[in-house]
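Trainee: Pasting a structure below so you can have a look.
Residue numbers (this note's numbering), protein chains in the order written: chain A, -17 to 417; chain B, -17 to 417.
As structure tokens, this is what we get:
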């Protein structure tokens, strides 16, 4: 059975992935057919959600089948499993309940990581008065993360009723209402795609151009502006529609363009959080470690496998984190040799350093697995890692403005058809029986 | 009285406008104090509305006073008056009624020109199936202009219910609804700023990337895309708020950025209509001529005075039109000399040629008058026409992407405090008694 699946996967790759298939044969030829088990605690799984497990509100059939095999008869996971999504307009509890229904296995909130989850560690910001942009329970999300002084867009609109006038029907009628005069805003946090982008674009720019006090003049604007933090850079994502849909990354494109057009300056981010940021994978690794402890594993997790559909988020992020892990290992080796410390390069412009000190056993590697059920599909003429500098595709860059694009980081360790193939491949790689 | 007003205006300019004041003294020194009248039919007035006559829903006091003097005891205008606004999300009739109430004089729909009014002349497009973006009675506006086959954003959303999914609450619930499959769309017309920019951005990009059939794959996209026409490029405008508000030009910035990010290509406009396009002033001149005929004037209108608050729209447009008039005169002179025809350069990338043939008596000049009650204010550190290439302001360009920026065209013929001063200045220039 394992041989058959291994061959089947290989065929899929050959059929679907053109040149990529050839490149990856070497990796697949290491598929083990024996039932020999490696020591417990050797690996963990990171699952993207949209385009891998579900599309819109609909589960992908392979995901349900696959998760049935990932738990034992008591419903306990065989290996640490963490869901790493760039979604951010909801609570972990809500996402866990939804996934439990969709996958028909129990998913705990501790297994779910949303794009904003690492903000829990940004304690230096928690006392600031923050304006939050997003939809759904965005205020509750911010309070849950530890922010103590939260202003919503609706509260800002009500306090300054003359600011948001694009919608003729929402303009103040009759006598001009007075501004209420809120305390100045210290920072802006962009959680996820809002609704009524015109309102959020106008109000965020007003706040940035008035140093947090939108009742004052634009003229007195200092630059750089007050801190802006953005979660979820996904430009596109796959729902039920045939073509990708606009994500929060597209709202950021609009905000950056609008700010630049008005001021002539670049919008600056204090932090960009969510895949492909290293800080996100650091946090995901922490959750995997906790899962491993709950499973009673006594040896550290050595390898992570990140399964996703988006070359620019899931694959780029996993590979960037893998590079971070390699650098960390080299640094540790150097430290051990010289008994002197050195810092680790996060690999991106908005990266924060790793959350763990030198004493933590980081994994050795993070492998990336691309599935063809979402943003990336087999009928794309050329995958992004084959784009040459002279090809027209070179002009297209679906990553965030602030990421120095390294095409090699979009190249997955493996390409498979769907999440079931991905999980079977991992267990084969690890020599661990899945069934 | 005329002398006093002339001096008063001159003082305002000196006090309020820094270096600009000095430059303009020469023009003002020509103020005539005699009561000698020029021949009837010598000039007409073009008024911008927002920031000149009203701010938001509130009339500017000087505007009411000024219009009282512009009509005789029977309420008839003393000279041709046309209102040239970049607003586009309403009908001329509605705008005329509103202005009549705000200014307390009768304004006829024939005196009102909205940004989309010249589309009436684009008869080659009227049979096409057009997707319209804007708010308010946008479908009625399109039908009134002559378009016979109009699709609204709401109709498109209903026909393809999986496309617009940014707002979680508007996503399809339960069973996935089927697409209805509309006839392909031939062109997109952007009338004015819509609401829910995320919906309009997503649907317009879907239509452009699928050649008008959003049920097909993005992959098969041809470039250039189907025609896109945009009315009203105003980036900013003045309502009641202290700082400028986002206009339709800001929506266009978002659309251009989003399209470029997804495809790597520039969005192309078939036409950009509204100030500062020459086609808009051509049409305004036609309305002035009709007004003059109604006043019984038998000689052609020789000079136009355009009064506005926005250097990038009102002043740039009036000066560009003035340049067009100069070129037209030279061409006519050459034609008369050589008895051979030559074309006239519209002066912008998306200009259509003038609407009149060589037989029409075009005005000799169009003068621009900047007021300080709107987007441009006296406390700006430096007016745009003084920005040097090395100054930081040089990076700021509030005009549209497709206009080759010529800073000299933002320099007004005159700068005055408000519309009352502007009108008195014009009558002084023309040696015509206003009171």
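Backbone N, C-alpha and C define an ideal beta-carbon position, used for all residues, glycine too.
#1: What is the C-beta distance between residue 190 of chain A and residue 208 of chain A, in whole angstroms, given that I count them as a contact (C-beta under 8 Å)?
#2: Rounded to whole angstroms, what is the Cα-Cα separation between residue 101 of chain A and residue 213 of chain A?
#3: Would you tell me roughly how many angstroms separate the C-alpha atoms of residue 294 of chain B and residue 124 of chain B, rounded to the nearest one?
#4: Counting only Cβ-Cβ distances shorter than 7 Å, please list the residues of the stretch 211 to 241 of chain A near chain B, keeping chain order.
#5: Give the single residue among A:346, A:284, A:290, A:288 whose Cα lies nearest to the Cα of residue 310 of chain A.
#6: Verify whether the separation of the beta carbon atoms of residue 241 of chain A and residue 254 of chain A is less than 9 Å.
#7: Helix, strand or coil for residue 228 of chain A per DSSP?
#8: From this set, B:26, B:118, B:289, B:106, which residue's C-alpha is nearest residue 356 of chain B's C-alpha?
#9: Would you tell me roughly how many angstroms separate the C-alpha atoms of residue 403 of chain A and residue 44 of chain A, rounded to the nearest one?
#10: Is there a Cβ from chain A that is less than 9 Å from the Cβ of residue 378 of chain B?
#11: Could you spell out the range, first to last residue, of the alpha helix (DSSP H) harbouring residue 299 of chain A?
#12: What are the partner residues of residue 136 of chain A, as DSSP defines its beta bridges?
#13: In terms of alpha-carbon separation, which member of B:27, B:78, B:115, B:61 lies closest to residue 178 of chain B?
#14: Residues of chain B with CB closer than 7 Å to the CB of residue 243 of chain A, please, in chain order.
#15: So which residues of chain A does residue 114 of chain B contact, with C-beta pairs closer than 7 Å?
#16: Check this for me: beta carbons of residue 265 of chain A and residue 103 of chain A, under 9 Å apart or not?
#17: For residue 245 of chain B versus residue 297 of chain A, is the C-beta distance shorter than 9 Å?
#18: Under the rule that 16 or more other beta-carbon atoms within 10 Å means buried, what is residue 127 of chain B, buried or exposed?
#19: Provide the residue span of the beta strand (DSSP E) that contains residue 287 of chain A, from first to last.
#20: Closest to residue 109 of chain A by CA distance: which of A:29, A:169, A:227 is it?
#21: Applying the criterion that 16 or more other CB atoms from any shown protein chain within 10 Å of the CB defines a buried residue, is residue 181 of chain A buried or exposed?
#22: Quick check on the burial criterion: 16 or more other C-beta atoms within 10 angstroms. Buried or exposed for residue 91 of chain A?
#23: Could you list the residues in the stretch 133 to 152 of chain B with a C-beta less than 7 Å from some C-beta on chain A, going in chain order?
#24: Using DSSP's beta-bridge definition, name the partner residues of residue 32 of chain B.
#25: Cβ of residue 38 of chain A within 9 Å of Cβ of residue 223 of chain A?
#26: For residue 31 of chain A, return the contacting residues in chain B, with the cut-off set at a CB-CB distance below 8 Å.
#27: Compare the C-beta of residue 411 of chain B with all C-beta atoms of chain A and state if any pair is closer than 9 Å.
#28: For residue 382 of chain A, is the classification buried or exposed, using 16 other Cβ atoms within 10 angstroms of its Cβ as the cut-off for buried?
#29: Counting only Cβ pairs nearer than 9 Å, list the residues of chain B close to residue 117 of chain A.
#30: Under 9 Å, Cβ to Cβ, is there at least one residue of chain A near residue 175 of chain B?
#31: For a contact defined as C-beta to C-beta under 7 Å, what are the partners of residue 199 of chain A on chain E?
#32: Please identify the residue among B:40, B:197, B:416 whose C-alpha is closest to the C-alpha of residue 154 of chain A.
#33: Taking residue 407 of chain A as part of the alpha helix (DSSP H), name the residues at either end of that continuous run.
#34: Check each candidate in B:30, B:163, B:89 and name the one with the smallest Cα separation from residue 141 of chain B.
#35: Taking only three categories from DSSP, how would you classify residue 349 of chain A?
#36: Residues of chain B with CB closer than 8 Å to the CB of residue 71 of chain A, please, in chain order.
Mentor: The relevant details are as follows:
#1: 7 Å
#2: 9 Å
#3: 27 Å
#4: 217, 221, 222, 223, 224, 225, 227, 228, 232, 235, 236, 239, 240
#5: A:346
#6: no
#7: strand
#8: B:289
#9: 8 Å
#10: yes
#11: 298 to 320
#12: Answer by DSSP bridge pairing: none, since residue 136 of chain A is not bridged.
#13: B:115
#14: 217, 235
#15: Neighbours of residue 114 of chain B on chain A: none; closest Cβ ~16 Å, over 7 Å.
#16: yes
#17: no
#18: buried
#19: 285 to 290
#20: A:169
#21: buried
#22: exposed
#23: 144, 145, 147, 148, 149, 150
#24: B:36
#25: yes
#26: What residue 31 of chain A touches in chain B: nothing, since even the nearest Cβ is about 15 Å away.
#27: no
#28: buried
#29: 148, 149, 150, 151
#30: yes
#31: Chain labels in this structure do not include chain E; the protein chains are A and B.
#32: B:40
#33: 401 to 412
#34: B:163
#35: strand
#36: 150
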